[in-house]
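Protein chains in written order, with my numbering: chain W, 1 to 348; chain Z, 349 to 716. Quick reminder that beta carbons are idealized off the backbone N, C-alpha and C, glycines included. Everything below concerns the one structure shown next.
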Amino acid sequence: MKSRIYLDHAATTPLLEHARAAMLEGFAAWANPSSPHAAGREARALLEDARARIAAALDWDGQVILTSGASEALAIAIGRSTGSGVLAGATEHDAVLRHVPAAQRLAVDAGGHVLLPDGVAPGALVAVQQVNSETGVIQPLDAIAELVHAADAHLLADCSQSAGKLPLPRSADMIALSAHKLGGPIGIGALLVRDLGLLRPSGGQEQGYRAGTEAMPLARGFAAALEAPRGWLADVADWRAALDSAIVKAGGEVVAGGVPRLCTIGSYRMPGVSAQAQLIRLDMAGIAVSAGSACSSGSLRTSHVLAAMGWDESAASQVIRVSMGHDTRATDIDAFLAQWQAMATGTR
Amino acid sequence: MIYLDYQATTALAPEVAAAMTAVMDHYGNPNSAHRIGRIAAADVELARDRIMAALGRSDGRLVFTSGATEALNIAILGAARTAPASRRRVVTLATEHAAVRDTVLSLRHEGFEPVILPVGRDGLVDLDVAEAAIDERAALLAVMQVNNEIGVIQPVAQLGAIARRCGVPVICDAVQGFGRLPVPEADMIAITAHKIHGPKGVGALWLRDGLDIPPLMHGGGQEDGLRPGTLSPMLCAGFGVAAQLAAERREADIAHVETLWARARDLFAEWRVNGSTEQRYHGNLNIRRTGLDAARLISTLRTVALSLGSACASGTGRPSHVLKAIGLKDEEARGALRLGFGRYTTVEELEQAAALINEAAATQRVAA
Chain W
1 MKSRIYLDHA
11 ATTPLLEHAR
21 AAMLEGFAAW
31 ANPSSPHAAG
41 REARALLEDA
51 RARIAAALDW
61 DGQVILTSGA
71 SEALAIAIGR
81 STGSGVLAGA
91 TEHDAVLRHV
101 PAAQRLAVDA
111 GGHVLLPDGV
121 APGALVAVQQ
131 VNSETGVIQP
141 LDAIAELVHA
151 ADAHLLADCS
161 QSAGKLPLPR
171 SADMIALSAH
181 KLGGPIGIGA
191 LLVRDLGLLR
201 PSGGQEQGYR
211 AGTEAMPLAR
221 GFAAALEAPR
231 GWLADVADWR
241 AALDSAIVKA
251 GGEVVAGGVP
261 RLCTIGSYRM
271 PGVSAQAQLI
281 RLDMAGIAVS
291 AGSACSSGSL
301 RTSHVLAAMG
311 WDESAASQVI
321 RVSMGHDTRA
331 TDIDAFLAQW
341 QAMATGTR
Chain Z
349 MIYLDYQATT
359 ALAPEVAAAM
369 TAVMDHYGNP
379 NSAHRIGRIA
389 AADVELARDR
399 IMAALGRSDG
409 RLVFTSGATE
419 ALNIAILGAA
429 RTAPASRRRV
439 VTLATEHAAV
449 RDTVLSLRHE
459 GFEPVILPVG
469 RDGLVDLDVA
479 EAAIDERAAL
489 LAVMQVNNEI
499 GVIQPVAQLG
509 AIARRCGVPV
519 ICDAVQGFGR
529 LPVPEADMIA
539 ITAHKIHGPK
549 GVGALWLRDG
559 LDIPPLMHGG
569 GQEDGLRPGT
579 LSPMLCAGFG
589 VAAQLAAERR
599 EADIAHVETL
609 WARARDLFAE
619 WRVNGSTEQR
629 YHGNLNIRRT
639 GLDAARLIST
649 LRTVALSLGS
659 ACASGTGRPS
669 HVLKAIGLKD
679 EEARGALRLG
689 FGRYTTVEEL
699 EQAAALINEA
709 AATQRVAA
């Protein structure tokens with residue numbers, strides 16, 4: 001069977017069979033969707049069909065701007081915002097935080113929930129993720145949207161981790177997402193926009209909001225991935241709950257254990273053992289997990305997410321992330337837990 | 349369908365499709381430290397090496413992007429934003445692709461002065477004009493190697509020599525020339541996969557050693573912090589194989605293009621060629637007949653795919669800025685067609701297409 005166990009689906013998740021088939025089909029219609037000839041129009045029709053299906057699958061009736069991924073979607077939303085100033089939660093992904101000066105970051109409580117200040121300036125853009133990539137913490141976005149809108153500000157929701165797993169926050173004004181976190185291809189994402197007046201156009205394709213030849217096969221893969229059945233989520237929810245309990249029983253700590261979290265992500269601290277040591281041991285045992293997000297995992301710096309939640313550096317350096325996906329099996333979780341327990345007891 | 353629109357995009361090579369299909373199952377994130385991530389990273393690095401080899405470079409660095417538009421945006425905005433305050437002029441040619449032109453013009457909002465050099469009737473920049481315009485006040489020179497509409501090859505080497513004397517960095521849009529012509533000397537070079545039978549959604553920017561420019565986007569710090577976003581092993585592998593194929597087949601591809609060009613010149617002997625015929629990549633034939641309504645002609649041709657100008661501007665109804673820049677009157681530009689051919693075009697296809705195009709043109713003339 002599987003020679004290696006992959007529990008790092010929040011970094012990227014294997015391509016779904018539906019998406020793979022859709023892309024292979026899409027490769028055959030390789031013309032430029034902007035070409036006016038029949039071949040180009042065929043590619044355009046396939047692209048627009050994918051766009052409509054992406055919107056339908058996400059239950060979104062606003063605009064869909066296709067991008068190269070969530071980083072670009074967020075860069076457009078923030079960089080080309082017609083609003084005045086941007087605020088962002090302190091636990092947002094770097095793709096958001098690097099655009100936002102420290103003074104404009106919103107604190108979070110110990111459970112990772114954003115604390116919205118009383119006086120959000122009218123016209124501001126407030127960026128909050130639906131699900132944190134490291135801890136799985138779910139932000140109460142509908143409540144946040146209500147407060148943001150009451151202040152005449154706008155909400156940008158980063159739904160990179162949640163899209164395809166949770167219903168999207170329909171009250172958000174803009175939503176960024178990425179195909180490869182939900183079983184689609186790497187290299188495509190979208191910015192959903194309620195009202196294009198929220199953005200300054202840049203010229204080029206995508207109604208003038210994103211330049212560059214559209215990658216139709218990737219868009220087809222994106223749509224197909226979103227339409228795939230999600231029955232596996234129920235199993236994963238059970239396994240994550242069981243894993244949480246077993247980890248606690250074995251002397252570990254569940255990060256944000258008391259708040260609602262996405263069922264595919266578990267974040268665990270093994271007291272006294274560095275995350276780096278855990279990762280090496282697990283990798284040697286054929287199990288792929290990560291410390292925090294993949295993007296920063298090479299650097300092994302302390303997680304800004306845990307720091308914002310009030311964790312001290314030494315405890316935070318002992319946390320790893322386990323994330324499950326559509327091809328995860330109960331035996332994968334068992335194998336991980338056995339390794340984790342052996343490590344935890346072996347060091348006492 | 350006879351496809352004669354190689355400057356808009358090219359067919360995915362079967363070798364590329366096979367390589368991408370094989371890598372589709374390497375699902376790791378190239379930034380992940382574990383073994384599955386390192387397998388994905390190995391795909392990306394192998395592709396990077398292949399593209400560097402096709403570029404003929406062992407120095408500098410290659411940064412993957414979503415395509416040439418993004419690569420050019422990073423290069424132009426980055427070079428301008430790191431230029432000394434005394435250098436506020438951004439120099440480019442009148443016939444550049446919108447990805448360069450619009451980006452250069454957008455720098456007005458940051459206090460820069462765009463300087464747009466004219467081209468002659470042959471589509472080429474006058475080196476004396478360039479020499480007079482490029483001096484110590486310039487922040488950058490952006491010039492394309494092969495024009496996407498009329499195929500003319502700009503004297504990038506000579507322009508680069510002028511720029512270097514004044515300490516001006518040169519950014520070259522090598523999208524149409526990469527894999528076909530020798531890569532010109534420049535400080536930054538933008539390329540894309542889908543013009544060389546690779547996939548859409550991936551391109552690259554090559555940067556000379558020591559160049560340090562800021563990123564446009566922020567995120568996970570990929571590509572040395574210059575271009576964030578998870579890289580697709582599949583797209584990178586496709587680009588790598590496309591570049592390798594282009595390098596391996598360069599002589600055969602060029603010989604084939606020359607055969608097609610010679611035949612096409614005969615088949616379209618009654619048409620005028622737009623732009624230089626000598627200083628030109630011969631996989632592009634942009635031709636015109638006065639009085640012809642080329643848009644109408646294209647719409648009546650159901651089995652031939654060709655275009656009026658760039659795909660990006662098609663359908664806007666705007667006359668081509670390139671044809672305007674080479675001095676064509678509006679009615680001349682309205683009668684212009686762009687034919688692009690290459691690796692997978694056969695002489696028979698060209699002949700069939702020419703018969704259909706010439707017949708449609710004659711019908712229009714009779715009707716008029």
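Z/P462 has Z/V438 as its beta-bridge partners, per DSSP.
Residue pairing by DSSP puts W/I287 in a beta bridge opposite W/I5. Assignment of Z/D572 by DSSP, reduced to helix, strand and coil, places it in the helix class.
In the three-state scheme derived from DSSP, where H, G and I count as helix and E and B as strand, Z/W554 is classed as strand.
Excluding residues up to 5 positions away in sequence, I350 lie with their Cβ nearer than 7 Å to the Cβ of Z/Q700 in the same chain.
At a cut-off of 8 Å between C-beta atoms, W/G136 does not count as an interface residue with respect to chain Z. Between Z/G376 and chain W, the shortest Cβ-Cβ separation is below 8 Å.
Restricting attention to Z/R620, Z/D557, Z/A490, Z/H374, the CA atom closest to the CA of W/H180 is found in Z/H374. Taken in chain order, the unbroken stretches of beta strand (DSSP E) that lie wholly in the region 361-419 of chain Z and span 3 residues or more are 409-413. With a threshold of 8 Å between beta carbons, W/T12 makes contact with chain Z. For Z/M349, the three-state secondary structure derived from DSSP is coil.
Look at Z/D353: its C-beta is under 8 Å from a C-beta on chain W. Around the beta carbon of Z/S414, 16 or more other beta carbons lie within 10 angstroms, which makes this residue buried.
Using a Cβ-Cβ cut-off of 8 Å, Z/I384 is close to R4, Y6, D8, A288 of chain W, given in chain order.
The region 497-506 of chain Z makes no contact with the region 384-398 of chain Z: fewer than 3 CB pairs, one atom from each, lie closer than 8 Å. Interface criterion not met: the Cβ of W/T91 is under 8 Å from no Cβ in chain Z. Per the coordinates, the alpha-carbon of Z/E697 lies some 14 Å from the alpha-carbon of Z/A610. Within the DSSP bridge table, the entry for W/G189 names W/T67, W/S178 as partners.
In the displayed model, Z/D476 falls within a helix according to three-state DSSP. Note: W/H154 is bridge-paired with W/L125 in the DSSP secondary-structure output. Residues of the region 568-587 of chain Z that bring their beta carbon within less than 8 Å of a beta carbon in chain W comprise G568, G569, Q570, P576, G577, T578, L579, S580, P581, M582, L583, in sequence order.
Considering only beta carbons, no part of the region 674-690 of chain Z lies closer than 8 Å to chain W.
As a beta-bridge residue in DSSP terms, W/E253 pairs with W/R269. With respect to chain Z, the C-beta atom of W/T82 has no partner C-beta closer than 8 Å. Contact note: Z/L654 reaches chain W through H37, using a C-beta cutoff of 8 Å and chain order. With respect to W/P169, W/L141 sits close: the two C-beta atoms are nearer than 8 Å. In the DSSP assignment, Z/S454 falls within the alpha helix (DSSP H) that extends over 446-454.
By the Cβ neighbour-count rule, Z/K677 is exposed, with fewer than 16 other Cβ atoms within 10 Å of its own.
Across the set W/W340, W/D327, W/G346, the C-alpha of W/D327 shows the shortest separation from the C-alpha of W/L15. Boundaries of the beta strand (DSSP E) harbouring W/S323: 319-323, taken from the DSSP string.
With contacts defined as CB atoms closer than 8 Å, Z/V494 and Z/Q524 qualify as a contacting pair. In this structure, the alpha-carbon of Z/R666 lies about 29 Å from that of Z/A428.
Under the Cβ distance rule, Z/L564 counts among the residues neighbouring chain W, one pair being separated by less than 8 Å. In its chain, beyond the 5 residues on either side, A388, A389, V392, L579 have a beta carbon closer than 6 Å to the beta carbon of Z/P378.
Per DSSP, W/C263 lies in no alpha helix (DSSP H) and is assigned neither H nor E. Between Z/V550 and chain W, the shortest Cβ-Cβ separation is below 8 Å.
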